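Numbering (the numbering used here), first residue to last: 142 to 331. Below you'll find the structure, written out as structure tokens, and then a few comments.
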Amino acid sequence: MGVVRFAIKMLVKDIKQSIFYLVSMIFSIAIVFNDFNLLFNEDFVDKSDKVAYYTFSGIALTVLLVSLLFIAFANLYFIYGKTKELAIAVISGRSVYSVGLILAIQNLLLGIVGIIIGLAIGFIMMPIVNNFAYGFLGGDASQGGLSPEGLTVTLSIIVVQLIDMIIIDMGYTYRREIIDLLKEQKNMYT
């Protein structure tokens with residue numbers, strides 16, 4: 142069985158974990174997109190008012206960090222749930238690099254779907270978030286729209302995190318012994 146086919150089969154086998162990981166990505170991407178859309182929208186945040194800009198930038202950074210940590214913990218849960226299958230794949234003759242490639246393919250598939258759906262939900266949420274934010278500050282929400290810089294920053298951050306998750310997951314399988322992989326899933330539930 143090919144690596145891609147095996148990776149997809151493992152995703153479908155553990156559909157609950159895959160859906161949890163995917164939903165956490167979708168939610169985080171939608172939140173981060175709307176956060177940066179407001180930060181880089183000149184109608185909302187006036188960059189000449191340094192105090193307001195830095196205050197909102199601090200809030201945006203906090204939201205970003207919480208969202209990225211949420212994705213990272215979901216990834217960790219995702220990987221811990223797969224340790225038994227990974228150990229069996231190594232025992233059955235797959236190399237550690239092949240197992241790492243399986244995880245990379247799974248993360249890439251879930252990441253692409255998560256980015257597409259997350260941005261779509263972010264676009265759907267954008268008018269609601271803009272109305273709330275502008276209403277909270279007493280501004281005119283009709284001026285607020287899509288900020289190309291916000292979209293670019295969101296995509297850049299999410300792609301960098303996706304690449305980091307792939308590298309971390311590959312490193313996780315490389316550093317673990319087979320017996321540790323077999324014990325890890327049991328320890329996760331106790």
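All C-beta atoms in this analysis are idealised placements derived from N, C-alpha and C, irrespective of residue type, glycine included. Predicted, not measured: the structure shown is a model, and the values here were computed from it.
- Query: Can at least three beta-carbon pairs, one atom from the segment 252-272 and one from the segment 190-203, be found at a separation below 8 Å?
  - Reply: no
- Return the residue from the list 310, 271, 243 and 226 that minimises the CA-CA distance to residue 183. 271
- Task: Report the rounded CA-to-CA distance for residue 263 versus residue 232, giving the unit in angstroms.
- Result: 43 Å
- Message: Considering Cα atoms alone, identify which of 247, 267, 292 and 273 is closest to residue 163.
- Response: 247
- Query: Whose C-beta lies closer than 8 Å to the C-beta of residue 167 among residues of the same chain, with five residues either side of it excluded?
  - Reply: 255, 258, 259 and 262
- Item | Rounded C-alpha distance that separates residue 274 from residue 209 | 22 Å
- Decide if the segment 171-185 is in contact with the segment 222-239; the criterion is three or more beta carbon pairs, one per stretch, under 8 Å apart. no
- Burial state of residue 301 (16 or more Cβ within 10 Å): exposed
- Item | Local Cβ density within 10 Å of residue 313, reported as buried at 16 or more and exposed below that | buried
- Could you give the residue range of the alpha helix (DSSP H) that holds residue 234? Here residue 234 belongs to no alpha helix (DSSP H), and DSSP marks it neither H nor E.
- Using alpha carbons as the reference points, say which of 198, 145, 196 and 217 lies closest to residue 158. 217
- Between 156, 181, 286 and 207, which lies nearest to residue 197 when the distance is taken from Cα to Cα? 181
- Any idea what DSSP makes of residue 226, helix, strand or coil? helix
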